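In our numbering, the protein residues as written are 16 to 340.
Taking it in order: structure first as structure tokens, then the write-up.
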Amino acid sequence: MSEAAQKESTAEDIRDVVILGSGCSGLTAAIYAARSNLKPLVIEGHEPGGQLSVTTLVENFPGWPDGVQGPELVENMRKQAEKFGAELEMGHLVNADLNKAPIELDFGSKTVRTRTLIVASGASARWLGLPSEQALIGHGVSSCATCDGFFFSGKEICVIGGGDSAMEEAIFLTRFATKVYLIHRSAAFRASKIMLERAMAHPSIEFLTNTIVEEVLGVEEKEVRGIRIRNTATNEVREIGLSGFFLGIGHIPNAKFFAGQMDLDEDGYIVSKDNVFTTLQGKVIPGVFCAGDVQDRRYRQAITASGTGCMAALEVEKYLEEHGR
Ligand code: NDP
Numbered sequence: 016m017s018e019a020a021q022k023e024s025t026a027e028d029i030r031d032v033v034i035l036g037s038g039c040s041g042l043t044a045a046i047y048a049a050r051s052n053l054k055p056l057v058i059e060g061h062e063p064g065g066q067l068s069v070t071t072l073v074e075n076f077p078g079w080p081d082g083v084q085g086p087e088l089v090e091n092m093r094k095q096a097e098k099f100g101a102e103l104e105m106g107h108l109v110n111a112d113l114n115k116a117p118i119e120l121d122f123g124s125k126t127v128r129t130r131t132l133i134v135a136s137g138a139s140a141r142w143l144g145l146p147s148e149q150a151l152i153g154h155g156v157s158s159c160a161t162c163d164g165f166f167f168s169g170k171e172i173c174v175i176g177g178g179d180s181a182m183e184e185a186i187f188l189t190r191f192a193t194k195v196y197l198i199h200r201s202a203a204f205r206a207s208k209i210m211l212e213r214a215m216a217h218p219s220i221e222f223l224t225n226t227i228v229e230e231v232l233g234v235e236e237k238e239v240r241g242i243r244i245r246n247t248a249t250n251e252v253r254e255i256g257l258s259g260f261f262l263g264i265g266h267i268p269n270a271k272f273f274a275g276q277m278d279l280d281e282d283g284y285i286v287s288k289d290n291v292f293t294t295l296q297g298k299v300i301p302g303v304f305c306a307g308d309v310q311d312r313r314y315r316q317a318i319t320a321s322g323t324g325c326m327a328a329l330e331v332e333k334y335l336e337e338h339g340r
């Protein structure tokens, strides 16, 4: 079949709802939409399961008094969605036309048409990109202090970054770690004055500025045992022994495909109305909803992502009902 023929879809192919993203916001939306008999199609991108799939023990998701492994939690959500009739497919969005009714989503080999869309494509933590860092994710390297801080009770750790996220993480992690090295590549900080001062005044936090990480040590042992750093002002290289390596260098929301078609803020997050409606020039876009971290730079928790996923699915139902479905 020619590509053009493959891309053609008939009226029967039009979906009631497509959910972009299979993290906890997308899967919660899928559970609700599937239970309402809307047969949602969930598109899994390059990180199936979202950020939970790279976390270890989740101890703050209500209902799990002994904690649950992140991958297990998200796998359970997926099973629950499938049980009620959600379909999951791998796909990488090439183009989207939100002006069309139905909405058209181009996945390269296939075009999907849908009456409503929930953008739940999440945000990806920014990493340094060092091979040693990538190899040790989940083994002492983490991008989520709230999720993983507890495992470093009585240990020494470091936080990378010079913005509010890094300050917040460093201060939070002093609850567990005996010492926190705050490692920042520049001399000046982006963090707000109050957060910076609070972190600087903390007796357990040591600041190392003009400092870059050359390697996270412990790849062979499969457990972080230290870092090799270089002072860019003096070129001095040294090693520090520690057990935890936390990134606080920001997140990248996965919304760039919608630039120009929906309001995004200066960092690329969807500017949502009531945490669930998308807008263009301040006006709500009919049938296009959002959920989870792609529109949330503030809370970024599994439970808040699930909450907005639920809200988006309920809005989809309401929208379809109002439009005669
Ligand atoms: P920011 O963009 O503010 O800061 C990112 C930091 O990471 C910068 O210091 C930057 O260094 C550093 N960085 C970026 N890339 C690299 C890299 N490849 N290697 C080393 N360092 C790197 O991001 P945040 O996540 O801190 O904050 C985002 C927004 O969220 C801000 O508006 C912030 O105020 C807000 N926020 C507010 C909080 C609160 O009020 N409680 C808590 C957390 C965030 P450099 O400066 O050299 O570029």
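Each residue gets a CB set at the ideal place from its N, CA and C atoms; glycine is no exception.
Being a predicted model, the structure only gives us computed values, none of them experimental.
Run of the beta strand (DSSP E) containing residue i, from where it starts to where it stops
i           : result
residue 159 : From DSSP, residue 159 is part of no beta strand (DSSP E); its letter is neither H nor E.
residue 105 : 102-105
residue 314 : Premise fails: residue 314 is in no beta strand (DSSP E) and is neither H nor E.
residue 259 : 259-262
residue 203 : Careful: residue 203 lies outside any beta strand (DSSP E) and carries neither H nor E.
residue 187 : Unbroken run through residue 187 is the alpha helix (DSSP H), 179-188; no beta strand (DSSP E).
residue 146 : Run containing residue 146: none in the beta strand (DSSP E); it sits in the alpha helix (DSSP H), 146-150.
Check whether residue i and residue j have beta carbons under 9 Å apart
i           : j           : result
residue 186 : residue 108 : no
residue 213 : residue 182 : yes
residue 131 : residue 335 : yes
residue 67  : residue 135 : no
residue 60  : residue 40  : no
residue 223 : residue 262 : no
residue 89  : residue 65  : yes
residue 313 : residue 138 : no
residue 113 : residue 276 : yes
residue 8   : residue 195 : Residue 8 falls outside the range modelled here, since the chain spans only 16 to 340, and no answer is possible.
residue 176 : residue 199 : yes
residue 145 : residue 33  : no
residue 274 : residue 284 : no
residue 71  : residue 162 : yes
Sequence-distant residues of the same chain with beta carbon closer than 6 Å to residue i, five excluded per side
i           : result
residue 95  : 46
residue 327 : 44, 133, 291, 304, 306
residue 83  : 73
residue 228 : 242, 244
residue 225 : 202, 246, 247, 248
residue 254 : 241, 243
residue 325 : 43, 47
The alpha helix (DSSP H) enclosing residue i, as first and last residue numbers
i           : result
residue 132 : Residue 132 -> not in any alpha helix (DSSP H); beta strand (DSSP E) instead, spanning 126-134.
residue 89  : 85-98
residue 108 : No alpha helix (DSSP H) holds residue 108; DSSP gives it neither H nor E.
residue 218 : Neither: residue 218 is in no alpha helix (DSSP H) and is coded neither H nor E.
residue 41  : 39-50
Local Cβ density within 10 Å of residue i, reported as buried at 16 or more and exposed below that
i           : result
residue 111 : buried
residue 280 : exposed
residue 308 : buried
residue 184 : buried
residue 206 : buried
residue 193 : exposed
residue 268 : buried
residue 105 : exposed
residue 311 : buried
residue 251 : exposed
residue 31  : buried
residue 116 : exposed
heavy atom of the ligand NDP below 8 Å from residue i C-beta
i           : result
residue 143 : yes
residue 217 : no
residue 204 : yes
residue 181 : yes
residue 112 : no
residue 245 : no
residue 199 : yes
residue 5   : This structure gives no information on residue 5, because the portion of the chain shown stretches from 16 to 340.
residue 175 : yes
residue 210 : yes
residue 78  : no
residue 213 : no
residue 344 : A query on residue 344 cannot be resolved here, the shown segment of the chain reaching from 16 to 340 and no further.
residue 265 : yes
residue 137 : no
residue 242 : no
residue 207 : yes
residue 178 : yes
residue 152 : no
Proximal residues to residue i (C-beta, below 8 Å), its chain only, five neighbours per side dropped
i           : result
residue 24  : The pLDDT assigned to residue 24 is 45, lower than 50, so where the model puts this residue is not dependable; a value taken from the coordinates is nonetheless given after this. Here the set comprises 126, 127, 128.
residue 151 : 231, 233, 234, 237, 238, 239, 260
residue 51  : 328, 332
residue 17  : For residue 17, the pLDDT reaches just 43, beneath the cut-off of 50, and the residue's location in the model is therefore unreliable, although a value from the coordinates is still provided. There are no such residues.
residue 26  : Unreliable placement is indicated for residue 26, whose pLDDT of 48 sits below 50; the coordinate value is still reported in the next sentence. Closer than 8 Å at Cβ, skipping near neighbours: no residue.
residue 178 : 204, 205, 206, 263, 264, 265
Same chain, Cβ closer than 7 Å to residue i, five either side skipped, listed in chain order
i           : result
residue 168 : 191
residue 286 : 278, 279, 280, 294
residue 49  : 55, 96, 99, 100, 101
residue 76  : 83, 88, 317, 318
residue 211 : 182, 204
CB contact below 9 Å: residue i versus chain D
i           : result
residue 205 : The chain inventory of the structure shown lacks chain D, comprising one protein chain alone.
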